[in-house]
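Single-structure report; data block below.
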Amino acid sequence: MTAPILDAQGLNYAYPGGVAALRGMNLSVQRGRRLALLGSNGCGKTTLLLHLNGTLRPGAGQVLIDGQPAGYDRASLAAWRGRVGLVLQEPDDQLFSATVYQDVSFGPLNQGLSEPDARERVREALAALDIAELAERATHLLSFGQKKRVAIAGVLAMQPQVLILDEPTAGLDAPGVTQLKAALERLQARGTTLVFSTHDVDLAYAWADDVAILGEGRLLRQGGTVATLADADLLAAAQLNTPTILTLAAALREPGRPWPGGQPPRTAEDLVACLGERHDPGRF
Amino acid sequence: MFPIDQYAWTHRWRGHHPAERAVLAGGMLLIAITAPPLATAPLVVLAMAGATVAGAGVPLAAWLRVMTIPAGFLLLSLPFLAVSLDLTDGVALTVSAAGAWLAVAVGLRSLAAVSALAFLTLTTPVAELVPWLRRVGVPQAVVEIALLIYRLLFILADCADATRHAQEARLGYSTTRRGIRSLGLLAGTLLTRALARTRRLEIGLAARGFEGELRVLASERTLSRPRLAAVAALLFTVAALGLTLDRALH
Ligand SMILES: Nc1ncnc2c1ncn2[C@@H]1O[C@H](COP(=O)(O)OP(=O)(O)O)[C@@H](O)[C@H]1O
Ligand SMILES: [Mg+2]
Numbered sequence: 050m051t052a053p054i055l056d057a058q059g060l061n062y063a064y065p066g067g068v069a070a071l072r073g074m075n076l077s078v079q080r081g082r083r084l085a086l087l088g089s090n091g092c093g094k095t096t097l098l099l100h101l102n103g104t105l106r107p108g109a110g111q112v113l114i115d116g117q118p119a120g121y122d123r124a125s126l127a128a129w130r131g132r133v134g135l136v137l138q139e140p141d142d143q144l145f146s147a148t149v150y151q152d153v154s155f156g157p158l159n160q161g162l163s164e165p166d167a168r169e170r171v172r173e174a175l176a177a178l179d180i181a182e183l184a185e186r187a188t189h190l191l192s193f194g195q196k197k198r199v200a201i202a203g204v205l206a207m208q209p210q211v212l213i214l215d216e217p218t219a220g221l222d223a224p225g226v227t228q229l230k231a232a233l234e235r236l237q238a239r240g241t242t243l244v245f246s247t248h249d250v251d252l253a254y255a256w257a258d259d260v261a262i263l264g265e266g267r268l269l270r271q272g273g274t275v276a277t278l279a280d281a282d283l284l285a286a287a288q289l290n291t292p293t294i295l296t297l298a299a300a301l302r303e304p305g306r307p308w309p310g311g312q313p314p315r316t317a318e319d320l321v322a323c324l325g326e327r328h329d330p331g332r333f
Numbered sequence: 054m055f056p057i058d059q060y061a062w063t064h065r066w067r068g069h070h071p072a073e074r075a076v077l078a079g080g081m082l083l084i085a086i087t088a089p090p091l092a093t094a095p096l097v098v099l100a101m102a103g104a105t106v107a108g109a110g111v112p113l114a115a116w117l118r119v120m121t122i123p124a125g126f127l128l129l130s131l132p133f134l135a136v137s138l139d140l141t142d143g144v145a146l147t148v149s150a151a152g153a154w155l156a157v158a159v160g161l162r163s164l165a166a167v168s169a170l171a172f173l174t175l176t177t178p179v180a181e182l183v184p185w186l187r188r189v190g191v192p193q194a195v196v197e198i199a200l201l202i203y204r205l206l207f208i209l210a211d212c213a214d215a216t217r218h219a220q221e222a223r224l225g226y227s228t229t230r231r232g233i234r235s236l237g238l239l240a241g242t243l244l245t246r247a248l249a250r251t252r253r254l255e256i257g258l259a260a261r262g263f264e265g266e267l268r269v270l271a272s273e274r275t276l277s278r279p280r281l282a283a284v285a286a287l288l289f290t291v292a293a294l295g296l297t298l299d300r301a302l303h
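Chains as they are written, first to last, in the working numbering: chain A, 50 to 333; chain B, 54 to 303.
Right, here's the structure in full:
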């Protein structure tokens, strides 16, 4: 296995005032995957993400980028942030310009790109999120979902290798979530590694390649989504529910029978497909 | 929340180069100030109202609202121009024909000038003018602060609205005394929220490589020759028509 593109090892962090937010946190981000950080409120997801782009510096432990310890001097941080993009949970915390176009141009200019190159980046980022028609709009006159996509475009325009999103679906309606997932899937198909935090177990179960379960500032376990989220004790320890689809599927399965297709259903569509293959009416 | 700002962002000519509107408004302003007012000023007002309402599609009511304040101010102050104070022989207030004529002329000129500025105000967001400041030599830091204030203004206004509604829902403004107390609490909340928000904004900016300079690109808009020609034609027509009418009046 190649070195993880990002690797957090034994991070400790206490906020001024003494709240210990991370206590020996570990995480490894594999290239090209879609990794969900799952945990209840206050377990340290945001704090961990802020360490992954060098915003916060750990009291103990280290962050490795491609196997190399990260530096915190100006030049290293600039390079780090060019490779690892962070999208904050609240888009209003990130959008500072009057218009969408101006805001998205900010990152590329900071990377020292020429004006034509920066304009090309803006065009690509807006197209990738399907918001080209918002370019001329005022940022303060956008809907929440639109703001969210503009905030992502602003980071995407820097063409990071890893895109980190803090609670990307929080506050979005169902079509907003669907659009966002589609946009992120397109990015991943082009090779971008995705890391996102969420307390939505169903979202992680249906959509993540891998999950990392956090509890009280620690990593409880990291692994493939289906295998990890099938562990009820682990989820209980992290104060998380079992994914709804998995609960339903387990109740509907004939005891002892293998899952149709060899793995439990992950989405409502999977579940319906399983029901189509049933032998005993009401079970599969 | 700020209706003028909202029209400025959403009117029909929003996609056009702002310089086209600046030339139109600037030209009309020049005509208003230099040409004989009696005939020209009404033409300028008419042209600017037409451009704002029929052209850019800003509702007439919005244009009238923007015009009323300066117009009312003019109405109140102009009588003082018509009256002259004579102190040679005690205190004597007289209304002279020359004074009255001056008041009317100044009033018309001002109204015409205001209509040109109202057009610009209703069709050009403040934020779009700010980058211009940099070009005319205002220091970078001042321009950046102005832009950030513009942005935070709306966020804080939203926050103030939400907090006030929450207070109202819990009867925070049911009496004057309670209202004053609630308002004080609101101010405190806004301050702490503003501080917290600026700290998070800093994190977001740093994540995008901020190193002390807020540089952004304005989107490229091309000047349209046909539209500039139309602007020139309109300016010329108003000036020529005004001068002709003026000659006819004398
Ligand atoms: N700016 C801050 N100052 C002090 N304590 C904080 C701050 N931000 C978060 N914390 C605390 O750190 C812990 C982890 O918070 P956070 O990383 O935001 O969790 P999550 O994102 O998983 O909800 C919480 O106990 C929280 O109260
Ligand atoms: Mg959080």
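Even for Gly, the Cβ is constructed at its ideal location relative to N, Cα and C.
Using only CA atoms, which one of Leu297(A), Ala261(A), Trp308(A) lies nearest to Ala41(A)? Given that chain A is displayed from residue 50 to residue 333, the structure contains no residue 41(A) and the question cannot be resolved.
Are there any heavy atoms of ligand 2 lying less than 6 angstroms away from the beta-carbon of Thr95(A), as far as the coordinates show? yes
Extent of the continuous alpha helix (DSSP H) run through Met101(B): 90–102
Alpha carbon to alpha carbon, what distance is there between Gly67(A) and Asp249(A)? 28 angstroms
Contact list for the segment 162–187 of chain A against chain B, Cβ threshold 8 angstroms: Glu164, Ala167, Arg168, Val171, Ala184, Glu185, Arg186, Ala187
Measuring only between beta-carbons, confirm whether Trp185(B) sits less than 7 angstroms from chain A. no
For Ser313(B), which of Ala72(B), Trp185(B), Tyr226(B) has the nearest alpha-carbon? The first residue shown for chain B is 54 and the last is 303, placing residue 313(B) beyond what the model contains.
Going along chain B, which residues have a C-beta under 9 angstroms from His100(A)? What His100(A) touches in chain B: nothing, since even the nearest Cβ is about 12 angstroms away.
Going along the chain, which residues of its own chain have a beta-carbon closer than 6 angstroms to the beta-carbon of Ser168(B), five neighbours each way excluded? Val98, Met101
Would you kindly report the start and end of the unbroken beta strand (DSSP E) that includes Gly59(A)? 55–63
Flag this pair as touching only if the segment 72–82 of chain A and the segment 252–271 of chain A have three or more C-beta atom pairs under 8 angstroms; answer yes or no. yes
Please classify Pro209(A) as buried or exposed, where buried requires at least 16 neighbouring CB atoms within 10 angstroms. buried
Nearest neighbour of Val136(A), chosen from Leu258(B), Ile198(B), Gly125(B) [CA to CA]: Leu258(B)
Which residues in chain A have a C-beta closer than 8 angstroms to the C-beta of Val269(B)? List them in chain order. Ser146, Gln151, Asp152, Ser154, Phe155, Leu158
Ala70(A): beta carbon under 6 angstroms from a heavy atom of ligand 1? yes
On the three-state DSSP scale, how would you describe Asp249(A)? coil
Distance, Cα to Cα, Ala171(B) vs Pro112(B)? 13 angstroms
Is the beta carbon of Asp142(A) closer than 7 angstroms to that of Arg253(B)? yes
Assuming Leu144(A) contacts Lys196(A) (C-beta within less than 8 angstroms), just tell me the rounded distance between them. 6 angstroms
For Asp142(A), name the three-state secondary structure that DSSP assigns. helix
Any heavy atom of ligand 1 closer than 6 angstroms to the Cβ of Gly110(A)? no
Are there 16 or more other CB atoms within 10 angstroms of the CB of Pro307(A), so buried, or fewer, so exposed? exposed
Going by the beta-carbon positions, is the gap between Asp24(A) and Thr188(A) smaller than 7 angstroms? This structure cannot settle anything about residue 24(A), because the visible part of chain A is limited to 50 through 333.
Among the residues of its own chain, which have a CB less than 8 angstroms from the CB of Leu283(A), if the five just before and after it don't count? Ile262, Leu269, Arg270, Thr277
Which residue's Cα is closest to the Cα of Leu201(B): Ile57(B), Ser130(B), Ala180(B)? Ala180(B)
Any non-hydrogen atom of ligand 3 within 6 angstroms of Asn102(A) CB: Judged by which ligands are present, ligand 3 is missing from the structure shown, whose ligands are ligand 1 and ligand 2.
Under three-state DSSP, which class holds Thr245(B)? helix
Give the interface partners of Tyr203(B) over in chain A, defined as CB-CB distance under 7 angstroms, in chain order. Ala147
Kindly indicate which residue of Pro178(B), Ala260(B), Ile84(B), Tyr203(B) has the alpha-carbon position closest to the one of Asp58(B). Pro178(B)
Distance, Cα to Cα, Leu98(A) vs Asp280(A)? 25 angstroms
Inter-stretch contact at 8 angstroms, needing at least 3 Cβ pairs: the segment 175–194 of chain A / the segment 103–114 of chain A: no
Sufficient close CB pairs (3 or more, under 8 angstroms) joining the segment 60–74 of chain B to the segment 138–154 of chain B: no
State whether the segment 83–94 of chain B contacts the segment 289–301 of chain B, with contact taken as three or more CB pairs (one from each stretch) at a distance under 8 angstroms. yes
I want to know whether the segment 208–224 of chain B touches the segment 184–196 of chain B - three or more CB-CB distances under 8 angstroms. no
Nearest-angstrom Cβ-Cβ length linking Gln138(A) and Ala219(A), presumed shorter than 8 angstroms: 6 angstroms
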